[in-house]
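In our numbering, the protein residues as written are 611 to 1048. Data block below; observations after.
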Amino acid sequence: MNRVLAVVSLSLIVSCTPCPTPPPPGCTADGMGTIVVTSTGLPSGVTGNIHLTGPTAQTVTSSRTLTVGSGAWSVTADRATAADPLVRTVYLPTVTPASFCLTAGGTQDVIVTWAPVATSNKLWATNANATGQFLGFRSASLTTSATVTADVVARGGFGADLAFDRDGNVWVPGGTTADAHLQRFPAARFAASGAVEPELEVNFSSAGCLPLVAGLAFDAAGNLYVSSPCLDAVVRVDAAALAAGGTVTPSLSIPVADPQGIAFDRAGNLWVAARMDSRVWRYDAAQLSAGSVTAPSFKLGSLATSVPMDTSLLTPSWLAFDARGDLWGNDFGGNRFFRLGAPTLRGTGSADVQPQVRITIGVLALLEGFAFDGEGGLWSAGSAGRLIRLAPDQLDVSSGSGMPTMPRTVLDSTDIGSAANLAFYPAPAGLPLFHALP
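Have a look at this one:
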């Protein structure tokens, strides 16, 4: 039984922040007035755009007093970001009032207050075999190898994967059969440690097998794609259905035997780790739009070695694109990451190729989902109780024969049991992720 069946407005499909209300009737433009804009909440050096629309339109980036034409006015503001080498802080604005009638000779105060999104400026990891099932590590603790304490330790029914929407809210699969298939947690609930409950729950199947949900990925329109080893399919839950919550019917089901990680490229094509085939499968954006998909347009295998005549393949588990448009995957059983260059991804039919890079991590590693930071470093779970980072320069060099690559940064924490998938909010601007901000 869902804990929450309320209909809510999903922030990822809202186009204004906040949406202005209509001005009062009879508001006339018959003179001049004053608008006093007060901007608060942003740190020094960070600016946020404030848009005023009325008889004229203008944008300001700080507190200002404006002499403007009287009449109906509305005010909106953009989210703002504070720079950070690994992951930025995002600030969302509240505008008071969002619309008003400025009378001739009158004065109107407008206050714009920015507040940091609690999930921003952190690396997040789903977690098992420990006290907390969702861990947040602030950017400042990620810079050097150390023993660290999670800044946020959340307890709840979190499954392995996670996906952010554009406002930093967290979507996860349910961690047990008692949880909903998909759960949405608002970003504000991760401002501090403690037990958390989802504010929205979605069920999309009556199947009783496990795991029902493996991977999650939003497309550019805010539709959520879900890989299901249980169903041997990747299904799409449209944004409107996500907003409604409750029991929904997927708008698309793509047959894939034992799918795991999924990712979208910049063109909107869907890539799936088809583990039974030991290949990644590509479904073109046009196929997804058609509403019925039976076969991929391309199946791409990664050769396990450079030995001539050795046709063995790496088995992809999780996928992610880097800022160059190259596709990265990892092989859980082989403790290896591999990179498929962007030109390799354009084929049709089927092909098995040499990856540009193969990186082997130590035998104790438990490689699950991974994420790229703002500098292009790759973060992953390592062995139990550990997170690792491969620095950008390490990602261009394959491991030597029988010699694993030593991650440049290693974080140990007693908060970590067995970390699963990782993500940053916001994602770096150059990545084809729904929660990547400019």
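Just so it is clear, CB atoms sit at the ideal spot from N, CA and C, and this is done for glycine as well.
How many whole angstroms separate the CB atoms of residue i and residue j, which I take to be in contact at a CB cut-off of 8 Å?
i            : j           : result
residue 987  : residue 999 : 5 Å
residue 945  : residue 978 : Actually they do not touch by this definition, with Cβ atoms about 12 Å apart.
residue 866  : residue 884 : 5 Å
residue 881  : residue 887 : Going by Cβ atoms, the distance from residue 881 to residue 887 rounds to 13 Å, so no, they are not a contact pair.
residue 688  : residue 658 : 6 Å
residue 870  : residue 837 : 6 Å
residue 1045 : residue 795 : Going by Cβ atoms, the distance from residue 1045 to residue 795 rounds to 14 Å, so no, they are not a contact pair.
residue 765  : residue 806 : 7 Å
residue 769  : residue 780 : The Cβ separation is near 12 Å, so there is no contact.
residue 877  : residue 851 : The pair is not a contact, with the Cβ atoms about 25 Å apart (cut-off 8 Å).
residue 1025 : residue 705 : So it is not a contact: roughly 38 Å between Cβ atoms.
Can you have a look at residue i and say buried or exposed, based on whether 16 or more other CB atoms are within 10 angstroms of its CB?
i            : result
residue 690  : buried
residue 1048 : exposed
residue 702  : buried
residue 761  : buried
residue 675  : exposed
residue 668  : exposed
residue 1036 : buried
residue 726  : buried
residue 1003 : exposed
residue 953  : exposed
residue 778  : buried
residue 996  : buried
Leaving out the 5 sequence neighbours to the left and right, which residues in its chain are closer than 7 Å to residue i when beta-carbon positions are compared?
i           : result
residue 758 : 747, 751, 1021, 1023
residue 714 : 640, 641, 642, 643, 680
Which residue from the options puts its Cα closest to that of residue i?
i            : options              : result
residue 654  : 672, 662, 640, 645   : 672
residue 1006 : 823, 968, 637, 729   : 968
residue 1018 : 826, 756, 776        : 756
residue 990  : 1008, 1016, 966      : 1016
residue 799  : 744, 699, 668, 997   : 744
residue 941  : 954, 899, 973        : 973
residue 670  : 646, 692, 693        : 646
residue 831  : 899, 819, 841        : 899
residue 721  : 686, 732, 692        : 686
residue 734  : 1039, 749, 700, 693  : 749
residue 1009 : 984, 970, 1035, 1041 : 970
residue 694  : 905, 796, 731, 901   : 731
residue 858  : 842, 843, 816, 864   : 816
residue 934  : 905, 729, 851, 955   : 955
residue 1040 : 780, 787, 911, 697   : 697
Confirm the yes/no value for this check: CB of residue i, any heavy atom of the ligand PLP, distance under 6 Å.
i           : result
residue 740 : Judged by which ligands are present, the structure shown has none, so any question about the ligand PLP falls away.
For residue i, which residues from the same chain have a beta carbon less than 6 Å from its beta carbon, with the 5 sequence-adjacent residues on both sides left out?
i           : result
residue 738 : 1027, 1028
residue 712 : 643, 680, 683, 718
residue 862 : 846
residue 663 : 684
residue 716 : 643
residue 992 : 975, 998
residue 665 : 639, 679, 681
residue 649 : 672, 673, 722
residue 833 : 846, 848, 849
Determine the contact status of residue i and residue j, defining contact as a CB-CB distance below 7 Å.
i            : j            : result
residue 767  : residue 742  : no
residue 918  : residue 939  : no
residue 839  : residue 824  : yes
residue 873  : residue 948  : no
residue 936  : residue 951  : yes
residue 828  : residue 791  : no
residue 907  : residue 892  : yes
residue 826  : residue 789  : no
residue 1042 : residue 984  : no
residue 1001 : residue 1034 : no
residue 699  : residue 797  : no
Return the chain-ordered list of same chain residues with a C-beta closer than 8 Å to the C-beta of residue i, the five sequence neighbours on each side being excluded.
i           : result
residue 920 : 913, 914
residue 618 : Here the model assigns residue 618 a pLDDT of 32, short of 50, so the residue's position is not dependable, and the following value carries that caveat. If we look at residue 618 and ignore the five residues flanking it on each side, its Cβ neighbours are 809, 810, 853, 855.
residue 958 : 907, 908
So with Cβ pairs under 7 Å, would you call residue i a contact of chain C?
i           : result
residue 823 : This model lacks chain C altogether; it includes just one protein chain.
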